[in-house]
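*Asks:*
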Amino acid sequence: MDNSSLPFSTGMVSEKVIRVASIVTALVIVVGNMLTILTFVCNSHLRKRSFYLVINLAVADFLIGIIPATIFACITFSYGETNTGIYWVYMSSDRLLGLASMCPGSV
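Residue numbers (the working numbering): 667 to 773.
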């Protein structure tokens, strides 16, 4: 089958899927962790030492959704024309907050 008869290229479709998936992922991360943090703030019976690790993890994941996931979504819309400073912020915040999320007890 000849792909030239298709009204779109498969490269365009995969780029759009990545863009939509990155935006949806960032939104799910932010909303889900915000609900966890608000639940902890609103319910005083949850403010125990046993829940501090869960809240620490929720805050670290919330920051991942706010900073690196949002920057990644913006980078995917720039068609590869990304400022190196923005890319450096993305990579460093992704690694730092990713480590904070994986090792919440050590932060």
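Where is the CB? At the ideal position from N, CA and C, for every residue including glycine. Everything numeric in this text was worked out from a predicted model, so none of it was measured.
For Ser-713, which three-state DSSP category applies?
*Replies:* The count along the sequence shown starts at 1 and reaches residue 713 at position 47. Here the sequence assigns Arg to residue 713, which means Ser is not the residue at that position. Arg-713: coil per DSSP, three-state reduction.
*Asks:* What is the rounded straight-line gap between the Cα of Met-757 and the Cα of Ser-710?
*Replies:* Along the sequence shown, read from residue 1 onward, the residue named residue 757 stands at position 91. Along the sequence shown, read from residue 1 onward, the residue named residue 710 stands at position 44. About 37 angstroms.
*Asks:* According to the Cβ coordinates, are Ile-695 and Ala-735 closer than 9 angstroms?
*Replies:* Taking the first residue of the sequence shown as position 1, residue 695 is located at position 29. Taking the first residue of the sequence shown as position 1, residue 735 is located at position 69. Taking 9 angstroms as the Cβ cut-off, Ile-695 and Ala-735 qualify as a contacting pair.
*Asks:* Determine the DSSP secondary structure at Ile-733, reduced to helix, strand or coil.
*Replies:* Residue 733 sits at position 67 when you count from the first residue of the sequence shown. Coil at Ile-733, not helix or strand.
*Asks:* In three-state DSSP terms, what is Cys-769?
*Replies:* By one-based count along the sequence shown, residue 769 stands at place 103. DSSP places Cys-769 in coil when its eight states are reduced to three.
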